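J.:
Residue numbers (full-length UniProt numbering): 1 to 165.
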C-alpha cells in the first residue's frame, strides 16, 4: 500500500473491476488507452505475478479516483513499466500524486534501474505531466498500436534511477 496526504494506492479488488472498466471506457480516457475485458482484468488481479493492478483512492472519502497497472515486476533488468493509467477524477492532482508515489516505490523499494511508460503521441496532457515529473522521451514508435481501429504512434518515455530525485 502506498499513500500520501491525499491518495491511497492498493491492490485492486475484484468488486472494483466495474469501476475500472467504466473508467477505461469513459470517453475522456478511451481515446488514449487500450481497453481490457473483465476477464483480462480478473486475470491481472489474480494470477499474473509480473503485474500489479492497483486502485487509486481519495484518502479522505476512500472512493476510487483512478487505477494504474504496473508491469515488469520480474524483469531481470530491473525495468518497470507503468502499463496503464486512467482516472475518473481529472484536474485535481491525483495523477501527479500517484506518479510521485509510484516513482518513489519503484526506485526506493523495488530498486528499479528504469521506470518507463508509453503514451500516444496526441495525449499532450499526459506527456506534459510525465515530462514535468522527470520522464525523458526515448523515441517515437510510429503506428505501433491499434487503438479504436486506427494505428497510433506512441512515445516511449522513461526515467532512470540516477535521474530520480
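Ideal Cβ positions, reconstructed from N, Cα and C, are used throughout, including at glycine.
As the structure is a computational prediction, the values presented were derived from the model and not from experiment.
Quick check: what's the CA-CA separation for residue 139 versus residue 148?
T.: As a first step, residue 139 is located in the chain shown; it is residue number 139 there, counting from the start. As a first step, residue 148 is located in the chain shown; it is residue number 148 there, counting from the start. Rounded to whole angstroms, residue 139 to residue 148 spans 23 Å at the Cα level.
J.: Under 8 Å: do the stretch 86-93 and the stretch 104-123 share three or more Cβ pairs, one atom per stretch?
T.: no
J.: Please state whether DSSP places residue 73 in a helix, a strand or coil.
T.: Taking the first residue of the chain shown as 1, we reach residue 73 at position 73. In the structure shown, residue 73 sits in coil (DSSP, three-state: anything other than H, G, I, E or B).
J.: Is the Cβ-Cβ distance between residue 57 and residue 7 less than 8 Å?
T.: Position 57 of the chain shown, counted from the start, is the residue given in the question as residue 57. Position 7 of the chain shown, counted from the start, is the residue given in the question as residue 7. Yes, the Cβ-Cβ distance between residue 57 and residue 7 is below 8 Å.
J.: Report all residues from its chain with a CB closer than 7 Å to the CB of residue 12; omit the five preceding and five following residues, and keep chain order.
T.: Locating residue 12 in the chain shown gives position 12, where the first residue counts as 1. Correct list, in chain order: 20, 45, 53, 54, 55 and 67.
J.: Sorted by chain position, which residues of the same chain lie with C-beta nearer than 6 Å to residue 161's C-beta, five sequence neighbours on each side aside?
T.: Taking the first residue of the chain shown as position 1, residue 161 is located at position 161. So the list reads 107 and 113, once near-sequence residues are dropped.
J.: Buried or exposed, going by whether 16 or more other CB atoms sit within 10 Å of the CB of residue 155?
T.: In the chain shown, residue 155 corresponds to position 155, counting from 1. When all chains shown are included, residue 155 counts as buried.
J.: If we call anything under 8 Å between Cβ atoms a contact, is residue 117 one with residue 145?
T.: Start at 1 with the first residue of the chain shown, and residue 117 comes out as number 117. Start at 1 with the first residue of the chain shown, and residue 145 comes out as number 145. Contact: no.
J.: Taking residue 75 as the reference, which of 98, 62, 85 and 50 has the closest Cα?
T.: Working through the chain shown from its first residue, we reach residue 75 at position 75. The option with the nearest alpha carbon to residue 75 is 50.
J.: Would you tell me roughly how many angstroms separate the C-alpha atoms of residue 47 and residue 36, rounded to the nearest one?
T.: Residue mapping note: residue 47 aligns to position 47 of the chain shown, counting from 1. Residue mapping note: residue 36 aligns to position 36 of the chain shown, counting from 1. Rounded to the nearest angstrom, the two C-alpha atoms are 16 Å apart.
J.: By the three-class DSSP mapping on this structure, what secondary structure does residue 150 have?
T.: Within the chain shown, numbered from 1, the residue matching residue 150 stands at position 150. Reduced to three states, the DSSP call for residue 150 is strand.
J.: Count the other C-beta atoms from every protein chain shown that fall within 10 angstroms of the C-beta of residue 28, then say buried if there are 16 or more, exposed otherwise.
T.: Position 28 of the chain shown, counted from the start, is the residue given in the question as residue 28. When all chains shown are included, residue 28 counts as exposed.
J.: What whole-angstrom Cβ distance do residue 164 and residue 97 have, given they're in contact under 8 Å?
T.: Within the chain shown, the letter at position 164 stands for residue 164. Within the chain shown, the letter at position 97 stands for residue 97. Between residue 97 and residue 164 the Cβ distance is about 16 Å, and since that is not below 8 Å, they are no contact.
J.: What's the gap between the Cα of residue 137 and the Cα of residue 158?
T.: Numbered from its first residue, the chain shown carries residue 137 at position 137. Numbered from its first residue, the chain shown carries residue 158 at position 158. Cα to Cα, the separation comes out at about 7 Å.
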